Amino acid sequence: MTIEEFIELFEGEMDEVPAEGLKPETDFKNMDEWSSLTALSIISMVDEEYDKRLTPSELRNSTTIEELWKLIEAK
Amino acid sequence: MSYKNPFTLQEKRILVTGASSGIGRSIAQECAAAGATVVLNGRDEQRLNETLSSLEGSGHCAIAADLTHFDTVKQHLATLEPLDGLVLCAGVGQTAPVQNVKADKIQGVFSTNTFAPVQLLQMLVKGKKINRKASVVFISSIARQKPYVGNGVYSASKAALNGFSKVAALELAGREIRVNCIEPGLIMTSIVKESVFDEEQLAEFKKTMPLGFGAPRHIALGCVYLLSDASCWTTGTSLVIDGGQTLI
Ligand SMILES: NC(=O)c1ccc[n+]([C@@H]2O[C@H](COP(=O)([O-])OP(=O)(O)OC[C@H]3O[C@@H](n4cnc5c(N)ncnc54)[C@H](OP(=O)(O)O)[C@@H]3O)[C@@H](O)[C@H]2O)c1
Chain Z
57 MTIEEFIELF EGEMDEVPAE GLKPETDFKN MDEWSSLTAL SIISMVDEEY
107 DKRLTPSELR NSTTIEELWK LIEAK
Chain A
191 MSYKNPFTLQ EKRILVTGAS SGIGRSIAQE CAAAGATVVL NGRDEQRLNE
241 TLSSLEGSGH CAIAADLTHF DTVKQHLATL EPLDGLVLCA GVGQTAPVQN
291 VKADKIQGVF STNTFAPVQL LQMLVKGKKI NRKASVVFIS SIARQKPYVG
341 NGVYSASKAA LNGFSKVAAL ELAGREIRVN CIEPGLIMTS IVKESVFDEE
391 QLAEFKKTMP LGFGAPRHIA LGCVYLLSDA SCWTTGTSLV IDGGQTLI
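Protein chains in written order, with our numbering: chain Z, 57 to 131; chain A, 191 to 438.
Now the structure itself:
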């Protein structure tokens, strides 16, 4: 999956997306729109789309969208 | 005069599902320790046999079968001796927020947690495999009454058991068969370890548990009570064993 596709899926899990949209370098956990519920949604999305298990600590330890995308791709 | 322990399970044959792991394994061990002859069920043969060889006493046996495969289960039941106790403990967890709940996920959880135990009880009752005065225990969860984020489908699958068990208790009372639920709180078994919790979240969780985390045996001992004649006038109830988790 390309990072652009990943960003689209990521945005799909959020209640509200920042006006400027998400970028590979976005520090996603520091967005106002981020919540623990979004975290669970991202985990479910990864499970569905990639059939891979992302753990909360992996999510917590990733800073940018790109980092997270790479981590999932490498799984 | 010698004291007869009212909590004994001597001369009782008890089927325990989910006995290859966690809470079900501990229930099987406690039942055997209390004198019962235990029939174990789980899917993983190796872990099931580990439970089998850990049991006190003799005459126990294991049936490896997936309880969602009703035809296979029915074949196994044909040769089963009638039961004095049944513990429906096999179950799976799932974490998905409302927006990620889809039909296949609902189906997956309900088929193991709800359809399978209800169908197993049906087959046993219909096949006259449950003796008079027997005791049936459904392992529900405090999740059926307490909401946790992401736990919707699991909660619903367990709440259904509480509903069903009361009707079963009413219907089977004529044969003096008792039907009850146990609602465990959070216990560190594979179901929890494999769910999305991590250390940090668990530490947060612990703060909401007045008596700290539970152990499988805490549930198993409650189960022995409900299976024994000590609870002969208890039916249609649900026993919360949660270290006070539902108080907060
Ligand atoms: N741990 C908790 O905090 C907690 C709290 C409340 C309620 N509960 C309930 O307690 C029960 C036991 O859970 P646990 O914590 O002991 O989890 P566990 O260690 O994961 O054990 C689950 C058991 O269910 C069996 N199982 C699952 N699907 C099955 C199927 N289709 N057919 C036959 N057996 C199946 C497993 O067998 P294999 O491994 O052989 O496949 C295993 O023996 C569950 O119903 C759970 O919902 C647990």
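We put the CB at the ideal spot given by N, CA and C, even for glycine.
Since this is a predicted model, take the numbers as computed values, not measurements.
beta-carbon residue i near ligand 1 non-hydrogen atom, thresh 7 Å
i: A:V291; result: no
i: A:R407; result: no
i: A:A420; result: no
i: A:T207; result: yes
i: A:A306; result: yes
i: A:I438; result: no
i: A:T285; result: no
i: A:L392; result: no
i: A:V382; result: yes
i: A:L310; result: no
i: Z:R109; result: no
i: A:P374; result: yes
i: A:V282; result: yes
i: A:L267; result: no
i: A:S210; result: yes
i: Z:E58; result: In the sequence under discussion, the amino acid at residue 58 of chain Z is Thr, which differs from the Glu named in the question. Flag unset: Cβ of Z:T58 not near ligand 1.
i: A:S428; result: no
Test: residue i CB closer than 8 Å to a CB of chain A
i: Z:L96; result: yes
i: Z:L124; result: no
i: Z:T111; result: yes
i: Z:M87; result: no
i: Z:S92; result: yes
i: Z:S100; result: yes
Within-8 Å CB hit, residue i to chain Z
i: A:P337; result: no
i: A:T379; result: no
i: A:A286; result: yes
i: A:G208; result: no
i: A:V386; result: yes
i: A:Q236; result: no
i: A:Q297; result: no
i: A:G283; result: no
i: A:G342; result: no
i: A:N290; result: yes
Residue i beta carbon near ligand 2 (any heavy atom closer than 7 Å)
i: A:N231; result: For the structure depicted, ligand 2 is absent and the ligand set comprises only ligand 1.
Cα-Cα separation between residue i and residue j, rounded to whole angstroms
i: Z:E122; j: A:I372; result: 45 Å
i: A:D294; j: A:E389; result: 29 Å
i: A:R322; j: A:R365; result: 5 Å
i: A:S428; j: A:G375; result: 13 Å
i: A:R237; j: A:S192; result: 39 Å
i: Z:D71; j: A:E394; result: 25 Å
i: A:S301; j: A:L417; result: 25 Å
i: A:Q289; j: Z:M101; result: 10 Å
i: Z:S97; j: Z:S91; result: 10 Å
i: Z:A75; j: Z:G68; result: 14 Å
i: A:R407; j: A:M378; result: 11 Å
i: A:S248; j: A:T227; result: 7 Å
i: A:A209; j: A:G232; result: 6 Å
i: Z:I128; j: Z:Y106; result: 8 Å
i: A:L443; j: Z:N117; result: What the structure shows of chain A is the stretch from 191 to 438, and residue 443 of chain A is not part of that stretch, so it cannot be assessed.
i: A:K336; j: A:T436; result: 7 Å
i: A:A286; j: A:V430; result: 25 Å
i: A:L360; j: A:Y338; result: 31 Å
i: A:A223; j: A:D261; result: 32 Å
i: A:M313; j: A:L273; result: 13 Å
i: A:F197; j: A:G412; result: 10 Å
i: A:S325; j: Z:L78; result: 57 Å
i: Z:F62; j: Z:D83; result: 15 Å
i: A:T304; j: Z:N86; result: 40 Å
Host alpha helix (DSSP H) of residue i (start-end)
i: A:P374; result: Counting along the chain, A:P374 falls outside any alpha helix (DSSP H), though it belongs to the beta strand (DSSP E) covering 368-374.
i: A:S216; result: 212-223
i: Z:F60; result: The sequence given here places Glu at residue 60 of chain Z; Phe does not occur at that position. Looking at the DSSP string, the run of the alpha helix (DSSP H) that includes Z:E60 is 59-68.
i: A:Q236; result: 235-244
Range covered by the beta strand (DSSP E) that runs through residue i
i: A:N303; result: Taken as a continuous stretch (DSSP letters only), A:N303 belongs to no beta strand (DSSP E), as it is neither H nor E.
i: A:L205; result: 203-206
i: A:N231; result: 227-232
Complete alpha helix (DSSP H) runs within the region 91-121 of chain Z (minimum length 4 residues, chain order) = The DSSP assignment places 92-106, 112-117 as complete runs of the alpha helix (DSSP H) inside the region 91-121 of chain Z, in order along the chain (cut-off: 4 residues).
Note down, one range per segment and in chain order, each alpha helix (DSSP H) of at least 4 residues found wholly within the region 329-368 of chain A.
-> Counting only runs of 4 or more, we get 342-362.
Could I get the ranges of all uninterrupted beta strand (DSSP E) runs contained in the region 249-289 of chain A, with 3 residues as the minimum, in chain order?
-> Within the region 249-289 of chain A, the complete beta strand (DSSP E) segments of 3 residues or longer fall at 251-254, 273-278, listed in chain order.
In chain order, which alpha helix (DSSP H) runs of at least 4 residues are fully inside the region 365-431 of chain A?
-> Segments of the alpha helix (DSSP H) lying fully in the region 365-431 of chain A: 380-383, 389-396, 406-417.
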